[in-house]
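Below is one structure, written out as structure tokens, with a few remarks after it.
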Amino acid sequence: ANAPSRLRRLHRRLGRSAWRVADAGPGVLAAMAWASEAWSLVDAWRAFGERAAWIDFDAFLQRPRPHLAAMLRHLHGEAAEDDVEAMMASGELGRYAKATEHAYDADLRRDVLDQARREHGQQIAEGLTWINAAGAAEPKLADAIRSLAGAARLA
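Shown next as structure tokens:
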């Protein structure tokens, strides 16, 4: 549903129209959406420098305590153990953000991703092929992707 607006944003960043939603299957649409959103994050990071921080979500799910402490230090300059402990003990941590009635942890994320790979492997491969080709054809996009990959992560 958001593919047309995300593709428009991607084209604005490129300075030209390069692709059409009508020509893309589900995997390519997902890759276009990812490219648009990832580039937005890179632009924010470039604009705000040290004020912006990257978190590796999978690493956070595996070991939330050090990541919570790192986020608190980044945002507030300190991470009191009592604050980290209160977050760890809260009912919010370990819940799916978009539907908090559901638990969510590293094991569930791995299972969901594995299932997606089994059920949608062809579309995922098409999306990855598109990302690689788009990056090869569009130096600005390739630069954004490299920047995202090279960004330092908290914790």
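For the sequence shown, my numbering assigns the number 2 to the initial residue and increments by one for each residue that follows. Ideal Cβ positions, reconstructed from N, Cα and C, are used throughout, including at glycine.
Check, Outcome
"Counterpart residues of Arg96 in DSSP-defined beta bridges", "Ala104"
"Residue(s) in a DSSP beta bridge with Trp40", "BP columns for Trp40 are empty, so no partner."
"Identity of the residues DSSP links to Ala20 by a beta bridge", "Here residue 20 turns out to be Trp, not Ala, going by the sequence shown. Answer by DSSP bridge pairing: none, since Trp20 is not bridged."
"The region 135 to 142 in contact with the region 78 to 86 per 3-pair CB rule at 8 Å", "no"
"Neighbour-count burial assignment, Arg119, 16 or more Cβ in a 10 Å radius", "exposed"
"For Trp35, the residue or residues it bridges with in DSSP", "Beta-bridge pairing links Trp35 to no other residue."
"Continuous alpha helix (DSSP H) stretch holding Ser91: start and end", "No alpha helix (DSSP H) contains Ser91, which DSSP labels as neither H nor E."
"Cα-Cα separation, Thr101 to Ala152", "30 Å"
"Distance CB(His75)-CB(Ala54) smaller than 7 Å", "yes"
"Close Cβ partners of Gly128 (< 7 Å) along its chain, the five nearest in sequence each way excluded", "Gly28, Val29, Ala31, Ala32"
"Sequence-distant residues of the same chain with beta carbon closer than 7 Å to Ser18, five excluded per side", "His12"
"Environment of Phe61 [buried if 16+ CB atoms lie within 10 Å]", "buried"
"Distance between Asp24 and Leu109 (C-alpha atoms, nearest Å)", "33 Å"
"Distance between beta carbons of Arg96 and Ala104, contact taken as under 8 Å", "6 Å"
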